[in-house]
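Okay, structure first, notes after.
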Amino acid sequence: MNRQDIKGDDEPKKIRFIDPHYNLKFYLPDGGKIRITNRNGESFERACKYIDDYHLYVGNCCYHICEFAERMEINGSKVEPIEANEPQKNKQTKHKDLER
204 MNRQDIKGDD
214 EPKKIRFIDP
224 HYNLKFYLPD
234 GGKIRITNRN
244 GESFERACKY
254 IDDYHLYVGN
264 CCYHICEFAE
274 RMEINGSKVE
284 PIEANEPQKN
294 KQTKHKDLER
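So for the sequence shown, this note's numbering puts the first residue at 204; every next one is plus one.
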């Protein structure tokens, strides 16, 4: 049983994101999204799902939190949370002048 199980099912689960040395970077609510920006400047979004205090799904892949941090560091990728009210960068917006 982990700490969040003891708190009860009523409390929202939080996913801990760390660096490879276990230093806390940020928390993300279960089901929240992150933006991963690779060293070439390309970015993409992934939904994250809480498994337990040390494991998560990023998209369809399961990771230990330190394994994910190590992979991001090796790849030179930056990870940041996406706020729920932040517009998504991957969505295309139409310019009103071009809709004629």
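Note that the Cβ used here is the ideal one computed from N, Cα and C, for glycine as well.
Next on the checklist: So if DSSP puts residue 266 in a beta bridge, which residue, or which two residues, is it bridged to?
Outcome noted: Position 63 of the sequence shown, counted from the start, is the residue given in the question as residue 266. In DSSP, residue 266 forms a bridge with 259.
Next on the checklist: Am I right that residue 257 and residue 251 are in contact with their C-beta atoms under 8 Å? What's the rounded C-beta distance?
Outcome noted: If you number the sequence shown from 1, residue 257 lands on position 54. If you number the sequence shown from 1, residue 251 lands on position 48. About 14 Å separates the two Cβ atoms, so there is no contact after all.
Next on the checklist: One question on the structure: do residue 319 and residue 262 come within less than 8 Å of each other, judged by their Cβ atoms?
Outcome noted: With the chain covering only 204 through 303, there is no way to say anything about residue 319.
Next on the checklist: Please state the DSSP three-state secondary structure of residue 276.
Outcome noted: The sequence position of residue 276 within the sequence shown is 73, counting from 1. Residue 276: helix per DSSP, three-state reduction.
Next on the checklist: So, for residue 279: in the same chain, excluding its five sequence neighbours on each side, which residues have a beta-carbon less than 6 Å away from its beta-carbon?
Outcome noted: Sequence index remark: in the sequence shown, residue 279 carries index 76 (1-based). Cβ-Cβ distances below 6 Å link residue 279 to 242 in the same chain, with the five nearest sequence neighbours on each side left out; the list follows chain order.
Next on the checklist: Given this structure, state the Cα-to-Cα distance separating residue 213 from residue 223, to the nearest angstrom.
Outcome noted: As a first step, residue 213 is located in the sequence shown; it is residue number 10 there, counting from the start. As a first step, residue 223 is located in the sequence shown; it is residue number 20 there, counting from the start. Answer to the nearest angstrom: the Cα atoms are 31 Å apart.
Checklist entry - Who are residue 281's beta bridge partners in DSSP? => result The count along the sequence shown starts at 1 and reaches residue 281 at position 78. Answer is 240, bridged to residue 281.
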